[in-house]
Amino acid sequence: MSAQIKTGQIETVQVNLAERSYSIHVGSGLINTAGDYIAPYLKEARTIIVTDSNVEKHWLAPLQNSLNSHGISSEAIVMEPGEKTKNFTNLEQLVCKLLNAQIERNTVVIALGGGVIGDLTGMAAAIILRGIDFIQIPTSLLSQVDSSVGGKTGINTPQGKNLAGAFHQPKLVLCDTDALKTLPIRELRAGYAELVKYGLIADAPFFDWLEKNGERVLAGDQDAQRHAIVKSCQAKADVVSEDERETGRRALLNFGHTFGHALEAEVGYSGTLLHGEAVAIGSVMALSISERIGICPAGRADRLRAHFAKTNIGYNLHGNAGTDWAAEKLLDHMRLDKKVADAKLVFILARDIGDAFITNEVNDSDILATLNEALEQSGN
Ligand SMILES: NC(=O)c1ccc[n+]([C@@H]2O[C@H](COP(=O)([O-])OP(=O)(O)OC[C@H]3O[C@@H](n4cnc5c(N)ncnc54)[C@H](O)[C@@H]3O)[C@@H](O)[C@H]2O)c1
Ligand SMILES: [Zn+2]
635 MSAQIKTGQI ETVQVNLAER SYSIHVGSGL INTAGDYIAP YLKEARTIIV
685 TDSNVEKHWL APLQNSLNSH GISSEAIVME PGEKTKNFTN LEQLVCKLLN
735 AQIERNTVVI ALGGGVIGDL TGMAAAIILR GIDFIQIPTS LLSQVDSSVG
785 GKTGINTPQG KNLAGAFHQP KLVLCDTDAL KTLPIRELRA GYAELVKYGL
835 IADAPFFDWL EKNGERVLAG DQDAQRHAIV KSCQAKADVV SEDERETGRR
885 ALLNFGHTFG HALEAEVGYS GTLLHGEAVA IGSVMALSIS ERIGICPAGR
935 ADRLRAHFAK TNIGYNLHGN AGTDWAAEKL LDHMRLDKKV ADAKLVFILA
985 RDIGDAFITN EVNDSDILAT LNEALEQSGN
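Using our numbering, read the sequence shown as starting at 635 and increasing by one per residue.
See below:
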């Protein structure tokens, strides 16, 4: 189990991976005081920060000021925001910029941004000089509860999302709840769906807590946010500590994702449907197919739907009217997904809320019926 330490308003989750272990600090004020946390990890009095232009506006200066106050100089590389940034061209440019900045084996790079910056910077750090240290300062809710933890880095290729990458664990993660104040509300809600995922996979009491406190998390209540992020990071840290390279249990983290990826693929990763929104819909579908095949008591999908409705998380396909949704097409996307093992689709199903498991024993007829039901409920 991951250890949890509480000092004042900052809580710490430990990811236990022998010599690759690291701490995740969660709380308010972490960017403003980042130098205190980062200085011990630096072997020279300088660092390079990679960020995107949205995050730069709000959070680059506070980070640099804090580093400066510790005598640490920093230069920044600012990327374009958005998923399209995660490609080979930008990876090449970033690697070259870092090398031009006279990077050495002991230089530490900081990723300041959402999952796009974290994945791209992490991959650059994994390959530069065969691997240099990097620190994650995730600024979106999704990156704080998911992508900054666990060491998966990567980019997209014309063949699909995240198909080129490397496992490269960060040395430290700072999740500052203050950063969420400048995050657009739609992005906050999308990240929330990933957070609910941890309750659905293995922590029914956390789901109960979210039912009572989810609105506080979304309204910016810092105590609620810190608690929710700590619970999520702990859940992910526990899974990653057991199965760093996803040979088994780590696949549980894909709850709702087989369906979700199919929806994203259908709209062409266009931003019409954010990843977290697709995961919200996919999570309801995962419970609904579990009920359909008789392994989960009735009413669980409805309970999740009600929670997403209460917290204003888009849980159906309303608002995506431009797409001609069809169950068969979605099933085709699933078959093209990289998680197809031996031509069988891998699903994460649930015996109940908080009790998910991995299987490849799902019939096409049940998948199609579940998709059709979801499409009907969305008025398609
Ligand atoms: N490595 C992993 O294990 C893992 C896990 C899940 C997702 N991911 C990846 O994460 C990415 C999605 O991450 P994301 O949702 O953070 O996307 P993102 O990095 O694109 O951030 C979303 C948007 O919010 C903006 N933003 C971020 N923080 C902000 C802040 N504090 N204030 C204002 N604007 C801010 C960004 O500029 C961007 O426009 C995907 O590429 C996905 O593949 C990786
Ligand atoms: Zn996800």
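Cβ atoms here follow ideal geometry from the backbone N, Cα and C, with glycine treated the same way.
Small disclaimer: the values here were computed from a predicted structure and weren't measured.
{"Asked": "Selected residue, minimal CA-CA separation from A912, among A760, K831, R879", "Found": "K831"}
{"Asked": "Minimum Cβ-Cβ distance from L887 to chain B less than 8 Å", "Found": "This model lacks chain B altogether; it includes just one protein chain."}
{"Asked": "Residue from Y656, A960, R939, M713 with nearest C-alpha to S1025", "Found": "No information on residue 1025 is available, as it lies outside the stretch 635 to 1014 that the chain covers here."}
{"Asked": "CB-CB length for F841 against L834, believed under 8 Å", "Found": "6 Å"}
{"Asked": "CA-to-CA distance, N1006 to G749, given in whole angstroms", "Found": "32 Å"}
{"Asked": "Of the listed residues T791, R969, E821, T773, nearest to T811 (C-alpha basis)", "Found": "T773"}
{"Asked": "Limits of the alpha helix (DSSP H) - the one that T690 falls within", "Found": "The question names Thr, yet the displayed sequence has Glu at residue 690. Looking at the DSSP string, E690 is not in any alpha helix (DSSP H), and its letter there is neither H nor E."}
{"Asked": "Whole-Å CB distance - I644 paired with G669, under 8 Å assumed", "Found": "Going by Cβ atoms, the distance from I644 to G669 rounds to 15 Å, so no, they are not a contact pair."}
{"Asked": "Span separating the alpha-carbon of L676 from that of A759", "Found": "15 Å"}
{"Asked": "Every unbroken alpha helix (DSSP H) inside the segment 835 to 870 [4 residues or more]", "Found": "838 to 853"}
{"Asked": "Spatial neighbours of L979 in its chain, beta-carbon cut-off 6 Å, leaving aside the 5 residues before and after", "Found": "M968"}
{"Asked": "Alpha-carbon to alpha-carbon, L897 and Y826", "Found": "18 Å"}
{"Asked": "Proximity test, D753 beta-carbon vs ligand 2 heavy atom, cut-off 7 Å", "Found": "no"}
{"Asked": "Cβ distance (whole Å) where A935 is taken to contact S922 below 8 Å", "Found": "4 Å"}
{"Asked": "beta-carbon A807 near ligand 2 non-hydrogen atom, thresh 7 Å", "Found": "Looking at the sequence provided, one finds Val at residue 807 rather than Ala. V807: no, Cβ never under 7 Å from ligand 2."}
{"Asked": "Candidates R985, Q859, A961, of which the one nearest K815 by Cα", "Found": "Q859"}
{"Asked": "Collapsed DSSP secondary structure at N946 in the structure displayed", "Found": "coil"}
{"Asked": "First and last residue of the uninterrupted beta strand (DSSP E) at F889", "Found": "Where F889 is concerned, there is no enclosing beta strand (DSSP E), given that its DSSP letter is neither H nor E."}
{"Asked": "Through-space distance from P715 to F801, alpha-carbon basis", "Found": "23 Å"}
{"Asked": "Exposed unless 16 or more other CB atoms sit within 10 angstroms - verdict on D966", "Found": "exposed"}
{"Asked": "Best match in S708, T667, Y671 for proximity to T681 [C-alpha to C-alpha]", "Found": "S708"}
{"Asked": "Proximity below 8 Å, CB of L697 to CB of L746", "Found": "yes"}
{"Asked": "Where N1014 falls: helix, strand or coil (DSSP)", "Found": "Only weak support exists for where N1014 lies, its pLDDT of 46 falling under 50; the coordinates are left without a value."}
{"Asked": "E995 burial status per 10 Å Cβ neighbour count (16 or more: buried)", "Found": "exposed"}
{"Asked": "Supposed close pair R884, V873 - CB separation, criterion 8 Å", "Found": "5 Å"}
{"Asked": "E678 vs T741 beta-carbon contact at 8 Å", "Found": "yes"}
{"Asked": "Nearest to E845 (by Cα), restricted to the options K805, T906, F768, R937", "Found": "R937"}
{"Asked": "G669 in three-state terms, based on DSSP", "Found": "helix"}
{"Asked": "Beta-carbon proximity of T945 to G848, cut-off 8 Å", "Found": "yes"}
{"Asked": "Strand pairing of H659, partner residues [DSSP]", "Found": "T646, L808"}
{"Asked": "I771 versus I665: straight-line alpha-carbon distance, rounded", "Found": "8 Å"}
{"Asked": "Straight-line Cα distance separating M713 from T685", "Found": "6 Å"}
{"Asked": "Under 8 Å between C-beta atoms of I706 and A673", "Found": "yes"}
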